[in-house]
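Residue numbers (my numbering): 3 to 288.
Ideal placement from N, C-alpha and C gives every residue a C-beta, glycine not left out.
Here is the structure we will look at, set down as structure tokens.
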Ligand code: NAD
């Protein structure tokens, strides 16, 4: 194996420690409200770990569990209450939502200045136009890992595989803001291989186990694997780690790469929200 393994767990622990230190300097504990609709087992696990990370950072966690058949109006009423609650700095509605609920309407109902997931169209617009807002946690985590490998990202060729609103599109915006030359490939791209082969940076966010193999990777490239795929062999990413790590210069493992950064960035965004709401400067090294 030639690639340096990017240790997402260690990066995430360091970020969480910096946030916890910042929180200790605040006059009040930041609050994160997490709303879970239904009993989806994966979502329950995510919500539990978000709650744990919140408490470990010295923040207040407010968990709201609603039944799977909750009326959309009741969910929207809860969001309105959380928007108005001064103890709440961040609001996160765990996705996916049940089919009878219009997720876009719920996300749009969240106060953009408490939208620590960064999914509100106002925050997507802020990211696209370079205004301060909230950046979705997973691509933000990827950027922090990339910055560690490449202190100077400007001019690098980056390929983002996948164009979801949650990962691919905001990732592309972030890399563009860093002055990378960005290509986004997706399910209708004629030849994703040809694009990936040229890239100094590859971010894979598709949801297909082992789609990107070693022979696709330019020697020395940095590979960030966002994919989480449950297979008989356990959790694997969108990148075939065994072959890609022979060729890449640096690579994130799955698990232990991007995943831990996502929650750490959620904690970070909640802290940033509290700072802004208290009129304090946000520390630059976050
Ligand atoms: P999504 O299903 O919303 O989007 C997948 C994207 O992949 C689409 O834009 C689609 O066009 C593209 N795609 C499909 N087939 C392709 C192909 N053959 N070549 C190129 N592109 C193709 O998924 P998502 O929400 O962006 O998540 C992607 C993956 O990342 C999933 O495995 C998900 O579980 C994982 N994920 C991980 C984290 C984390 O914290 N690590 C967070 C969010 C998502």
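Check	Outcome
Residue 210 versus 230, 220, 117, 177, residue with shortest Cα-Cα distance	230
Given residue 18 as reference, the closest of 44, 41, 61, 28 once Cα atoms are compared	61
Alpha-carbon spacing of residue 184 relative to residue 129, whole angstroms	15 Å
Run of the beta strand (DSSP E) containing residue 225, from where it starts to where it stops	224-227
For residue 76 and residue 155, the rounded distance between their alpha carbons	45 Å
Proximity below 8 Å, CB of residue 253 to CB of residue 8	yes
DSSP three-state assignment for residue 30, whether helix, strand or coil	coil
Whole runs of the beta strand (DSSP E) within the stretch 172-241, excluding any shorter than 3 residues	183-187, 203-206, 224-227, 231-233, 236-238
Through-space distance from residue 6 to residue 280, alpha-carbon basis	40 Å
Residue 97, DSSP secondary structure in three states	coil
Residue 288 vs residue 270 beta-carbon contact at 8 Å	yes
Of the residues 40, 257, 169, the one placed nearest residue 140, counting alpha carbons only	169
Residue 188 CB to nearest heavy atom of the ligand NAD below 7 Å	yes
Neighbourhood of residue 122 by C-beta, 7 Å cutoff - its chain only, sequence neighbours within 5 removed	109, 110, 112, 114
Closer than 7 Å: residue 212 CB and nearest the ligand NAD heavy atom	no
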